[in-house]
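S.K.: The structure that follows is given in the form of structure tokens.
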Amino acid sequence: MDKQHATQLLGIIAQQEADLVVPSFTAADAYAIGTRIREKASAAGRNVVISISKGDDLLFFHAMDSIKPINRNWLQRKIRTSRMYCCSSFAVGLRQICSGSSFADSGLDPLQYAGVGGCFPVVTAACGFVGTIAVSGMEQQEDHQAAVDAISDYFAIPTVSVLPCFN
């Protein structure tokens with residue numbers, strides 16, 4: 018991906034992150050959101066692994082039958098990245114493309130972190146960054162947008178999509 022495309026996507030993701038600040042986030046919310054992601058992926062014939070957490074608490078986890086260990090590895094790397102930077106794992110990777118930097122430049126093990134799409138921050142109006150919604154198993158932009166769409170739909174907060182940038 019070139020810097021111009023990365024910059025365009027960063028603008029869209031910044032808008033998504035600004036739009037999708039939710040009033041609160043509970044275990045019931047995590048279950049409903051995780052179930053929506055699973056149902057949409059299943060209806061589209063896609064296999065994913067989904068993890069939703071609040072702080073250190075895992076509130077929802079589901080791996081579809083054909084998910085492979087590599088998908089779980091990617092999922093954990095995306096989650097570490099989002100937690101480290103308190104933003105979308107996709108945004109972190111795009112910033113690296115724009116700046117020419119890497120995790121190694123920051124002293125982070127690139128085998129433990131991934132700047133690719135699929136983990137989106139859960140941010141509440143009162144507390145800020147409180148958790149993550151992570152998806153792995155599709156193309157990075159689809160993983161990212163699956164998390165975004167689930168939050169947007171569940172909380173009825175409209176936002177933009179990254180997917181038109183990949184068509």
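According to this note's numbering, the sequence shown is numbered sequentially starting from 18. Just so you know, even glycine gets a beta-carbon here, dropped at the ideal spot from N, CA and C.
Along the chain, where does the beta strand (DSSP E) that runs through Ala80 open and close?
M.R.: Per DSSP, Ala80 belongs to the beta strand (DSSP E) from 74-80.
S.K.: Going straight from the alpha carbon of Ala167 to that of Ile114, what length do you get?
M.R.: Going by the C-alpha atoms only, they are around 27 Å apart.
S.K.: For Leu26, collect the residues of the same chain with a Cβ closer than 7 Å to its Cβ; drop the 5 residues on either side in sequence, then sort them by chain order.
M.R.: Around Leu26: Leu111, Val179, Cys182.
S.K.: Check Phe183 in the structure and name its three-state DSSP category.
M.R.: Looking at Phe183 - three-state DSSP - the assignment turns out to be helix.
S.K.: Would you give the residue range spanned by the beta strand (DSSP E) that Gly145 belongs to?
M.R.: 145-153 is the span of the beta strand (DSSP E), which, as asked, contains Gly145.
S.K.: Tell me whether Ser68 is buried or exposed, calling it buried when 16 or more other Cβ atoms sit within 10 Å of its Cβ.
M.R.: Result: buried.
S.K.: Are Gly132 and Val147 closer than 8 Å when you measure CB to CB?
M.R.: Against a cut-off of 8 Å, the Cβ pair of Val147 and Gly132 comes out as no contact.
S.K.: Does Ile87 pass the burial test, meaning 16 or more other C-beta atoms within 10 Å, or should it be called exposed?
M.R.: Ile87 comes out exposed.
S.K.: Going by DSSP, name the residue or residues bridged to Lys71.
M.R.: DSSP lists Asp74, Gly148 as partners of Lys71.
S.K.: Buried or exposed: where does Gly117 fall if 16 or more other Cβ atoms within 10 Å of its Cβ makes it buried?
M.R.: When all chains shown are included, Gly117 counts as exposed.
S.K.: Going by alpha carbons, who is nearest to Thr141 out of Ser119, Lys71, Ile30, Gly51?
M.R.: Of the candidates Ser119, Lys71, Ile30, Gly51, the one whose C-alpha sits nearest the C-alpha of Thr141 is Lys71.
S.K.: Rank Gln33, Leu37, Ala80 by C-alpha distance to the C-alpha of Ile54 and give the top, closest one.
M.R.: Closest by alpha carbon: Ala80.
S.K.: If you follow the beta strand (DSSP E) that Cys136 is in, where does it begin and where does it stop?
M.R.: Here the beta strand (DSSP E) through Cys136 covers 136-141.
S.K.: Between the beta-carbon of Tyr130 and the beta-carbon of Arg97, is there less than 8 Å?
M.R.: Yes, the pair counts as a contact, with Cβ atoms nearer than the cut-off.
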